[in-house]
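Chemist:
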Amino acid sequence: CGVFGVYGPQDAAALVALGLHALQHRGQEAAGIVSFDGQDFPQHRALGQVGDIFGSETVMRNLTGDIAIGHVRYATTGERSLRNVQPLFAEFEFGGFALAHNGNLTNAMQLRRQLVRRGCLFQSTSDTETIIHLMATSRNGSVIDRLVDALRQVEGAYSLVCMAKDQVIGVRDPHGVRPLVLGRLGDTHVLASETVALDIIGADYVRDIEPGEMVVLDKNGVQSLRPFQQTGSKFCIFEYIYFARPDSFMEGHSVYGVRKKIGAQLAVESHIDADLVIPVPDSGVPAALGYAEKSGIPFDLGIIRNHYVGRTFIQPTDKIRRLGVKLKHNANRHFIEGKRIILVDDSIVRGTTSVKIVEMMRDAGAKEVHMRISSPPTSNPCFYGIDTPEKEKLLAHRMSVEEMRQYINADSLAFISLDGLYKSLNHAKRDGDMPQYCDACFTGEYPIELTDFEATRSDV
Ligand code: 5GP
Ligand code: SF4
Ligand code: MG
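Under the UniProt record's numbering, read the sequence shown as residues 16 to 475, first letter to last.
1. Between R420, I372 and K343, which has its C-alpha nearest I351's C-alpha?
2. Suppose contacts are defined by Cβ-Cβ distances below 8 angstroms. Is L38 in contact with A212 by that definition?
3. What number of angstroms, rounded off, separates the C-alpha of P404 from the C-alpha of L240?
4. Which value, in whole angstroms, describes the spacing of the CA atoms of I216 and F430?
5. Verify the contact flag: V131, CB atom, against every heavy atom of the ligand SF4, threshold strictly below 7 angstroms.
6. Any residue with its Cβ nearer than 6 angstroms to a heavy atom of the ligand SF4 should be included. What is that list in chain order?
7. I need the straight-line Cα distance from P296 to E170, nearest angstrom please.
8. Given F457, which residues of its chain have a CB within under 6 angstroms of its CB, disregarding the five upstream and five downstream residues?
9. Between the alpha carbons of F137 and S432, how many angstroms are there, rounded?
10. Which residues does DSSP pair with I388 in a beta bridge?
11. Around the C-beta of Q238, are 16 or more other C-beta atoms found within 10 angstroms, so that it is buried, or is it exposed?
12. By DSSP, does N424 sit in helix, in strand, or in coil?
13. Find the nearest neighbour of R420 within the set S310, I363, P24 and G236, judged by alpha-carbon distance.
14. With a threshold of 7 angstroms, establish whether the CB of T403 neighbours any heavy atom of the ligand MG.
15. Is any heavy atom in the ligand 5GP found nearer than 7 angstroms to the beta carbon of V364?
16. Among the residues of its own chain, which have a CB less than 8 angstroms from the CB of P24, if the five just before and after it don't count?
17. Quick check: what's the CA-CA separation for E209 versus G134?
18. So, under 8 angstroms CB-CB, V270 and R260 are touching, yes? Tell me the CB distance rounded to an integer number of Å.
19. Is H116 closer than 8 angstroms to residue 1 when the C-beta atoms are compared?
20. Give a single yes or no on whether D315 has its beta carbon closer than 7 angstroms to a heavy atom of the ligand NAP.
21. Is D426 near the ligand 5GP, judged by its Cβ being under 7 angstroms from some heavy atom?
22. Going by C-alpha distance, which of L175, I68 and S139 is nearest S224?
23. From L358, T393 and F398, pick the residue whose C-alpha is nearest to that of residue 479; which is it?
24. Got a sec? Which residues, its chain only, sit under 6 angstroms from I146 by beta carbon, not counting five neighbours each side?
25. Leaving aside the five residues before and after V283 along the sequence, list all residues of the same chain whose C-beta is less than 7 angstroms from its C-beta, in chain order.
26. Give the single residue among T73, N321, V158 and S248 whose Cα lies nearest to the Cα of residue 533.
27. So, with DSSP's three-state summary, where would you put R133?
28. Quick one: what's got a C-beta closer than 6 angstroms to E383's C-beta in the same chain, skipping five residues either side?
29. Out of R387, G353, T367 and V370, point me to the one whose CA is closest to A379's CA.
30. How many Å lie between F468 and P313 at the Cα?
31. Could you please give the first and the last residue of the uninterrupted alpha helix (DSSP H) stretch that includes I372?
32. According to the Cβ coordinates, are I277 and A302 closer than 8 angstroms?
Below is the structure:
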């Protein structure tokens, strides 16, 4: 998901709509905005994409005020229905409160059961609503104290942007799994999942919110609080590989630059003689450029993507997902015929994309097809806010690399090594005792407890 919030400027909601548009890649399923106009909290939520929802003048006219937050949704838990669309909103003793969440809580079910026993009535099936009820049942008074009290009880990944009548609050969980940045626009401040959302409104990037940090934007400016115990940072390494937009800047790294470096490292680790390096668009492009540059093998766009089809992953059923892949890519035949090609993609999840693309390259007359992947094998699901399927559906969980190679029908298949990945992020290697990032989908080492998941396992 993507989150965005502003305190202070005129037409705050219009800035939020623009910010959400730049964060669209983080969630295409639904979007919402809540603002505060000095009296009321106008709000609008809908299923669909930002441009379709907030391109409407009638919708925007109602979202008045100079404080606003917004959310783009990509479901990890909870069904795809309007009642799960964020920002969530609730009326407390202190007044209205809106909350937008990127991440996924790992003990939300357990907390929910306790809260329901105490009489809380849940309106949605999303994990995020737990935070609202924990705030409601808190004995603390102020907005901040209630929020801190609630967050001390939750486990998992969260970057939050919240809003009350006189402030916008940003928080990152103690491990800082999901990103959140602070920007400045004139004398007002902005919070956003990624720097691309600052660029679109012409705001300056100030800094990343730190793991475990809470920032409060109000009429006095920006205040930084440290309400949680310090733990090691566990930023999601997959943000660099795939999820973030390449033109974003994270923790001092250009995402595009990191992807090119991973591609170069891949070329060093798994060199092979070939005629062309071809990216699987769009996500494979930066790594393929890095691979081509390092290996000296020419780069060509051998696959053209139709941009009017949503991301393959978002399609609800396996059948449609497979259809989606065919709708999305086409071979640039003339450049493929008779060539030995190296295909570069960012990841293999179910294997659907790779199977189709390799077949497409062979149909187009490729002499050899070598597949290179700019992440280690994805053999474990994510519980922290990326929508990977359950373990049994992950190709790398079911098969060895050689079995995967046969399955996708490639002449060779190689993945970046784990240390190679860390090297691309300027670390000599992965620190085995205290890994510098979350890399659980590759290693199975989950840095945050999986309370709900463990509970379902002990049931069976
Ligand atoms: P597969 O077809 O193997 O199931 O998925 C691999 C493809 O999905 C890759 O091309 C990769 O770019 C893309 N992908 C990987 N992770 C995600 C994700 O979390 N969301 C979306 N939308 N696509 C993903
Ligand atoms: Fe990111 Fe993978 Fe960790 Fe999920 S499990 S937070 S995708 S590195
Ligand atoms: Mg892709």
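Ideal Cβ positions, reconstructed from N, Cα and C, are used throughout, including at glycine.
Predicted model, so just to flag it, every value in this text is computed and none were measured.
Modeler: Considering the structure as presented:
1. It is I372 whose Cα lies nearest to the Cα of I351.
2. For L38 and A212, yes; Cβs fall inside 8 angstroms.
3. Distance between the alpha carbons of P404 and L240 is about 36 angstroms.
4. Their Cα atoms are separated by approximately 38 angstroms.
5. No - the ligand SF4 has no heavy atom lying nearer than 7 angstroms to the Cβ of V131.
6. Listed along the chain, these residues meet the criterion: V192, C251, I252, F253, C397, Y399, I401, C453, D454, A455 and C456.
7. Approximately 35 angstroms, taken between the alpha carbons.
8. When the five nearest sequence neighbours on each side are left out, the beta carbons in the same chain lying within less than 6 angstroms of the beta carbon of F457 are those of P391, in order along the chain.
9. If you take the alpha carbons of F137 and S432, they lie about 44 angstroms apart.
10. The partner list for I388 (beta bridge, DSSP) reads D360 and F430.
11. Per the 10 Å Cβ criterion, exposed.
12. The answer is coil: DSSP assigns N424 none of H, G, I, E or B.
13. Answer by Cα proximity: I363.
14. Short note on T403: C-beta not closer than 7 angstroms to any heavy atom of the ligand MG.
15. Inclusion of V364 in the 7 angstroms shell around the ligand 5GP follows from its C-beta lying nearer than that to a non-hydrogen atom of the ligand.
16. Only L30, D81, L200, G201 and T203 meet the Cβ criterion.
17. Looking at the two C-alpha atoms, the distance is approximately 38 angstroms.
18. Between R260 and V270 the Cβ distance is about 7 angstroms, and since that is below 8 angstroms, they are a contact.
19. This structure cannot settle anything about residue 1, because the visible part of the chain is limited to 16 through 475.
20. The ligand NAP is not part of this structure, which contains only the ligand 5GP, the ligand SF4 and the ligand MG.
21. Checking the Cβ of D426 against the ligand 5GP gives no.
22. One detail in the question is off: residue 224 reads as Ile in this sequence, not Ser. Ranking L175, I68 and S139 by CA distance to the CA of I224 puts L175 first.
23. This structure cannot settle anything about residue 479, because the visible part of the chain is limited to 16 through 475.
24. Cβ within range, chain order: A165.
25. Correct list, in chain order: K309.
26. No information on residue 533 is available, as it lies outside the stretch 16 to 475 that the chain covers here.
27. Three-state result, R133: coil.
28. So the list reads R355 and D426, once near-sequence residues are dropped.
29. Looking from the CA of A379, the closest CA among R387, G353, T367 and V370 belongs to G353.
30. F468 and P313 have their C-alpha atoms some 46 angstroms from each other.
31. Where I372 is concerned, the enclosing alpha helix (DSSP H) stretches over T367 to D378.
32. Cβ atoms of I277 and A302: closer than 8 angstroms.
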